[in-house]
Each structure stands twice: as structure tokens, then as C-alpha cells.
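Novice: Next up is a structure, given as C-alpha cells.
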Amino acid sequence: MSERLLVALDVESGRRAYELATSLRDLAGGFKVGSRLFTLEGPALVRRLVDAGARVFLDLKFHDIPNTVAQAIESAVETGAWMINVHASGGTAMMRAAAAAGRDAAARLGRPQPLLIAVTVLTSMDEAALHDIGVERPVLDQITALARMTKAAGLAGVVASPRETASIRAACGDGFTIVTPGIRGASAGAERNDQSRTMGPAEAVRAGASYIVVGRPIIGAPDPRKAAETIVRELQGG
Ligand code: C5P
Numbered sequence: 225m226s227e228r229l230l231v232a233l234d235v236e237s238g239r240r241a242y243e244l245a246t247s248l249r250d251l252a253g254g255f256k257v258g259s260r261l262f263t264l265e266g267p268a269l270v271r272r273l274v275d276a277g278a279r280v281f282l283d284l285k286f287h288d289i290p291n292t293v294a295q296a297i298e299s300a301v302e303t304g305a306w307m308i309n310v311h312a313s314g315g316t317a318m319m320r321a322a323a324a325a326g327r328d329a330a331a332r333l334g335r336p337q338p339l340l341i342a343v344t345v346l347t348s349m350d351e352a353a354l355h356d357i358g359v360e361r362p363v364l365d366q367i368t369a370l371a372r373m374t375k376a377a378g379l380a381g382v383v384a385s386p387r388e389t390a391s392i393r394a395a396c397g398d399g400f401t402i403v404t405p406g407i408r409g410a411s412a413g414a415e416r417n418d419q420s421r422t423m424g425p426a427e428a429v430r431a432g433a434s435y436i437v438v439g440r441p442i443i444g445a446p447d448p449r450k451a452a453e454t455i456v457r458e459l460q461g462g
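Sequential numbering of the sequence shown, starting at 225, is according to my numbering.
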């Protein structure tokens, strides 16, 4: 079992997601539900996973006016989600509203506070794409600036690619949560799919990741449990 391993449930049905989560529950620290699965299956699936004892990272990347994001966070807390994300580019006021809503909803419902994290710059965006939306500084500068802003707004951390993890760890300190996808190589297998900037599981943790998100190397493996066990062993240093 590794608390650090979050498995991305990027599958086509709630049934398959639930089967995977129950079979991997004693190995993984949590399960990521993204917009595809959520749009198909809704909060009922999140509640079902939570009721089965799983920690759920609700990856819906909220980005709206502060009041609307605050209400969305409140709803997410009601589903029992453990980790929730927003876009840092929604701004400081939006992130502060999200943080306050997370605290208030958790207190009202008698639940632990959710881990609220932010997406800084989508990894699909390069310098040219940032330029198109009026951002002139280099990608890594934009990412670290947004990570600092996230921390100052009172959120717990950010999602970051393996390439950015060390810079963010240096900029935001030890207590900051960094969630790193793009895990390939070593025990996570050689098949890269569409991921270009990758690191192995233990390597990503050494670079500063608090949690790693692994999808296809586990859920696409002929034996997902075995694939997860291999990664857990690597994370445990075995
Ligand atoms: O299958 P794979 O291990 O590539 O899955 C990684 C998961 O992390 C997917 O759900 C993907 O959408 C997500 N993700 C990512 N890169 C980012 C942010 C999220 O791969 N920059």
C-alpha cells in the first residue's frame, strides 16, 4: 500500500471504475475521477467510492467566478471528495473563496477539510499557446508564479508535471502538496502513450511529488493489481 499512489479511473463506465477501485483499494492512496467519468456517472459514483472507503480526487478543474466556484466546492465536499482542484488562473479571489468554502462546508458537515489544489498551466500549453492568451513570461516562470499565488491564497497545493515538480517544491516549501501525473518508466512501464515529460514513480517522489497520479500503466495493464503492486514496491524502495 502506498498513500502516495493515486490511480486515475479514466474508464468508460461507473461500473468499471468501481470494480477497479475496489480491487485496488488496499494498494492505492486514492482514486482520481475526471470530467469524462463524472459527466457520465455524476456524484453518485463519487459517493459510492467514498462509501466503499476510497479517497476520491475529484479532478473537475473548476474555473468560474468566486461565488460559483465556492458553491461547486461546497457540492464537491458534500459528495465526500477528499481532493478537489480549481484553475489557479481563476485568480486569487476565486481561490480564496474556494478555500473558505472548503473549510466551511467541511465544518458544517463534520467532515475533514478537503485538500484543495490548483492547476497552474495545462501541460498541453507551450510558450506559443501562452503568448496567444497574453502571457509573455516563460512557461516555468508562469507555473511557479501561479504556484506561489495558490499558496498565498490558502490552498494546499498544485498539480505539476514531473519537469516542474522540483522548481515548485523549491518555491513553495515542504508543506505544499504537489500532485504529479506523467508517470512512466521504471515500475510504471515503458509505454509512454501521449505523455512526453515523464518520470518513474520513485524518481517523481524524489523530485518533490507528494502524490503521483498513474492511469494507463495500471488500468490498461492485463493485470491492474499486479501493475499497482509493482509500483507500490518501487515507492516503498523495494
Ligand atoms: O494514463 P496516465 O497515467 O497518463 O494518466 C494520467 C492522468 O493524469 C490522466 O487522468 C490525465 O488526464 C491526468 N493529467 C495528466 N497531465 C496533466 C494533468 C493531468 O496526465 N498535466
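Don't be surprised by glycine CBs; every beta carbon is placed ideally from N, CA and C.
CA-CA distance, A414 and T303?
Specialist: Counted from its first residue, the sequence shown places residue 414 at position 190. Counted from its first residue, the sequence shown places residue 303 at position 79. Approximately 36 angstroms, taken between the alpha carbons.
Novice: Any idea what DSSP makes of N309, helix, strand or coil?
Specialist: To locate residue 309, count along the sequence shown from 1; it is residue 85. If DSSP states are grouped into helix, strand and coil, N309 belongs with the strands.
Novice: How many whole angstroms separate the CB atoms of L282 and V270, which I take to be in contact at a CB cut-off of 8 angstroms?
Specialist: Your numbering for residue 282 matches position 58 in the sequence shown. Your numbering for residue 270 matches position 46 in the sequence shown. Yes, they are in contact, since the Cβ atoms of L282 and V270 sit about 6 angstroms apart, within 8 angstroms.
Novice: Pull up the CB-CB distance for A466 and F255, whole angstroms please, since I reckon it's below 8 angstroms.
Specialist: Given a span of 225 to 462 for the chain in the structure shown, any question on residue 466 remains unanswerable.
Novice: Please report the distance separating the alpha-carbon of L230 from that of V438.
Specialist: Here residue 230 refers to the residue found at position 6 when the sequence shown is read from its first residue. Here residue 438 refers to the residue found at position 214 when the sequence shown is read from its first residue. Roughly 6 angstroms separates the two Cα atoms.
Novice: For F286, collect the residues of the same chain with a Cβ closer than 6 angstroms to its Cβ; drop the 5 residues on either side in sequence, then sort them by chain order.
Specialist: Translated into the one-based positions of the sequence shown, residue 286 becomes position 62. Correct list, in chain order: V293, A296, V310.
Novice: Out of A324, A331, I367, state which residue places its alpha-carbon closest to the alpha-carbon of V343.
Specialist: Numbered from its first residue, the sequence shown carries residue 343 at position 119. Taking only the C-alpha atoms, the option nearest V343 is I367.
Novice: Using C-beta distances below 8 angstroms, list every residue in its chain close to A330, excluding the 5 sequence neighbours before and after it, in chain order.
Specialist: As a first step, residue 330 must be located in the sequence shown, where it is residue number 106. Excluding positions up to five away in sequence, the list reads V301, P336, Q337, P338.
Novice: Can you check which of these residues, P446, L264, M349, R272, is closest to S385 by C-alpha distance?
Specialist: As a position in the sequence shown, residue 385 is number 161, starting the count at 1. Nearest of P446, L264, M349, R272 to S385, Cα basis: M349.
Novice: Considering just the uninterrupted stretch of the beta strand (DSSP E) at S226, what are its terminal residues?
Specialist: Start at 1 with the first residue of the sequence shown, and residue 226 comes out as number 2. That run of the beta strand (DSSP E) goes 226-232.
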